[in-house]
Amino acid sequence: MTRLSVNINKIALLRNARGSNFPDLVQVAKDCETFGAEGITVHPRPDERHIRYDDIPKLKDIVNTEFNIEGNPTPRFLEMVLKYRPHQCTLVPDDPQALTSDSGWDTIKHESFLTDVIAQLQEAGIRVSIFCDPEAKYVEGAKKTGTDRIELYTGPYAEAFPHAPQQAVAPYTEAALLANQLQLGINAGHDLNLDNLRFFNQEVPGLLEVSIGHALFVDAIYYGLHNTIQMYLRCLEKV
Ligand code: PXP
0 MTRLSVNINK
10 IALLRNARGS
20 NFPDLVQVAK
30 DCETFGAEGI
40 TVHPRPDERH
50 IRYDDIPKLK
60 DIVNTEFNIE
70 GNPTPRFLEM
80 VLKYRPHQCT
90 LVPDDPQALT
100 SDSGWDTIKH
110 ESFLTDVIAQ
120 LQEAGIRVSI
130 FCDPEAKYVE
140 GAKKTGTDRI
150 ELYTGPYAEA
160 FPHAPQQAVA
170 PYTEAALLAN
180 QLQLGINAGH
190 DLNLDNLRFF
200 NQEVPGLLEV
210 SIGHALFVDA
220 IYYGLHNTIQ
230 MYLRCLEKV
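Mapping of the sequence shown onto numbering that gives the first Met the number 0: position 11 corresponds to residue 10, and the numbering continues sequentially without gaps.
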């Protein structure tokens, strides 16, 4: 069964727009859980334009489901993750200037760096997932790093889905079959939404978790947060 982790970066962005604590990120995280979220994801970026480093301890104290911190493993990021020990850390090779994450790791080129970082995190009891494009060579490379899971980057799936859903999902199904064979867990995220999530979940065997932020909070403007989370859970055949 696929878990829904809600990425609350957009709430932090809205809060930061006015410099006060409104909306209250901690309260929103609690409410997401009350409304059915099975995990909370945050992605602090170096410029702290949405999630700030000082949000992490407050969230760590209140998240009762699964706390997932994602980001580029800079020394500062790793120090913070090792201090607050979330359930899961997702490593993402995002450029500091990037608007949002837009590709997975080259797990071949960065094998030794990833292996070292992953070992440090696992030693601290943190499950590790690494952001990965759905290509056999990168999935095989991921296995060599010792990671527990991969998070399949679903941006290209979401873009192609409206025109050719079967073609859009095919590389993900294949990557998932390989990951299952290699005993790598599978997460997925980026641009998943109420239109494309159900099909993705049906077609990707062994999908353990999706993390969804942008579309979910846009939907919440129209449907309300409680309804919206329930609608996403319905796409995962949870309700
Ligand atoms: N996974 C990763 C690694 C991300 O960087 C993001 C965006 O912060 C997401 C998932 C969620 O993507 P979206 O906000 O498009 O749902």
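From the three backbone atoms N, C-alpha and C, an ideal C-beta is built for every residue, glycine too.
Keep in mind it's a predicted model, so treat the numbers as computed, not measured.
If you check the beta carbons only, do residue i and residue j fall under 8 angstroms apart?
{"i": "T89", "j": "E69", "result": "yes"}
{"i": "H189", "j": "S128", "result": "no"}
{"i": "V168", "j": "E202", "result": "yes"}
{"i": "I61", "j": "K29", "result": "yes"}
{"i": "R48", "j": "L12", "result": "yes"}
{"i": "L191", "j": "V209", "result": "yes"}
{"i": "F137", "j": "F199", "result": "The question names Phe, but residue 137 is Tyr in the sequence shown. Contact flag unset, no."}
{"i": "Y231", "j": "L206", "result": "no"}
{"i": "V27", "j": "I7", "result": "yes"}
{"i": "A97", "j": "L151", "result": "no"}
From which residue to which residue does the alpha helix (DSSP H) around residue i run?
{"i": "F198", "result": "196 to 202"}
{"i": "T227", "result": "224 to 234"}
{"i": "N179", "result": "164 to 180"}
Buried or exposed for residue i, going by 16 or more other Cβ atoms inside 10 Å?
{"i": "Q87", "result": "buried"}
{"i": "L120", "result": "buried"}
{"i": "D132", "result": "buried"}
{"i": "A16", "result": "exposed"}
{"i": "S19", "result": "exposed"}
{"i": "G124", "result": "exposed"}
In three-state DSSP terms, what is residue i?
{"i": "E78", "result": "helix"}
{"i": "I211", "result": "strand"}
{"i": "N6", "result": "strand"}
{"i": "L206", "result": "strand"}
{"i": "T33", "result": "helix"}
{"i": "A187", "result": "strand"}
{"i": "V41", "result": "strand"}
What is the residue span of the beta strand (DSSP E) that residue i lies within?
{"i": "L90", "result": "87 to 90"}
{"i": "P65", "result": "For the sequence presented, residue 65 should be read as Glu rather than Pro. First-last for E65: undefined, no H or E at that position."}
{"i": "S111", "result": "Segment 110 to 122 is the alpha helix (DSSP H) holding S111; no beta strand (DSSP E) there."}
Practice item. Pick out the complete beta strand (DSSP E) segments inside the stretch 124 to 157, 3 residues or longer, and give them in chain order. Key: 126 to 131, 148 to 152
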